[in-house]
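In the numbering used here, the protein residues as written are 29 to 253. From the three backbone atoms N, C-alpha and C, an ideal C-beta is built for every residue, glycine too.
So this is what it looks like as structure tokens:
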């Protein structure tokens with residue numbers, strides 16, 4: 029196993045310790061809510077609410093770890109909700125963000141990532157399993173501020189807007205080549221064996237933990253007219 033991957037695996041193994049006896053999946057759900065709240069409440073640096081209202085889906089992946097020792101690796105786990113036909117937000121599914129890069133790099137960094145889906149195509153792809161940012165769907169750093177009118181022509185052509193934050197500040201992170209996939213293992217642990225992402229998104233599950241519902245409710249709050 030490459031050295032960088034071993035280091036990344038070790039780091040991921042200790043992440044659940046932050047939640048002590050708490051379920052690590054529910055800790056990640058709480059962290060996703062925290063990141064969404066902090067970003068949306070940032071003065072003049074929030075994701076434009078009109079952009080969120082028009083979104084087809086939102087994914088929030090807190091604490092994406094990137095380890096680089098010549099061959100780099102990236103890994104994070106979070107939540108994703110999709111816009112229902114009636115305009116409300118679905119219960120979220122767990123998702124994974126994984127990727128790698130080659131080049132001169134060293135060190136470890138942690139970044140919060142938010143993905144705003146602007147078309148249905150990317151949503152359909154992730155519901156069926158996974159897709160690669162930049163290949164299966166174009167991605168660009170999204171505009172910030174009170175409205176989305178400041179977006180450039182290049183941004184407006186993107187299917188997904190990405191927002192990344194390191195140490196509380198917005199930071200540019202190249203996500204091309206990164207894979208977004210359904211977190212099936214986490215979904216099975218929280219929602220039960222055999223539960224599909226489509227069933228989660230379509231409201232076909234009961235006894236949803238409060239931490240999961242809170243993510244959906246915060247999206248409803250931030251996209252309310």
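Per DSSP, residue 169 lies in no alpha helix (DSSP H) segment; the continuous beta strand (DSSP E) that holds it begins and ends at 167 to 169. DSSP links residue 125 through a beta bridge to 104 and 208. Spatial neighbours of residue 150 in its own chain (CB-CB distance under 8 Å, excluding positions within 5 residues in sequence) are listed in chain order as 84, 85, 159, 164, 165, 187 and 188. Between residue 91 and residue 121, the C-beta gap is not smaller than 7 Å, which leaves the two residues out of contact.
Counting along the chain, residue 194 sits inside the beta strand (DSSP E) bounded by residues 188 to 194. For residue 160, the enclosing beta strand (DSSP E) starts and ends at 158 to 160. Boundaries of the alpha helix (DSSP H) harbouring residue 225: 225 to 229, taken from the DSSP string. In this structure, DSSP gives residue 90 an extended state, which the three-state scheme calls strand. The residue from 113, 65, 62 and 66 with its alpha-carbon nearest to that of residue 82 is 113. Around residue 244, the same chain offers 109, 117, 118, 119 and 120 as residues with beta carbons nearer than 8 Å, after the five sequence neighbours per side are excluded. Residue 141 and residue 104 do touch by the CB rule: their CB atoms are close to 7 Å apart, below 8 Å. Shortest Cα-Cα distance from residue 124 to any of 143, 252 and 227 involves 143.
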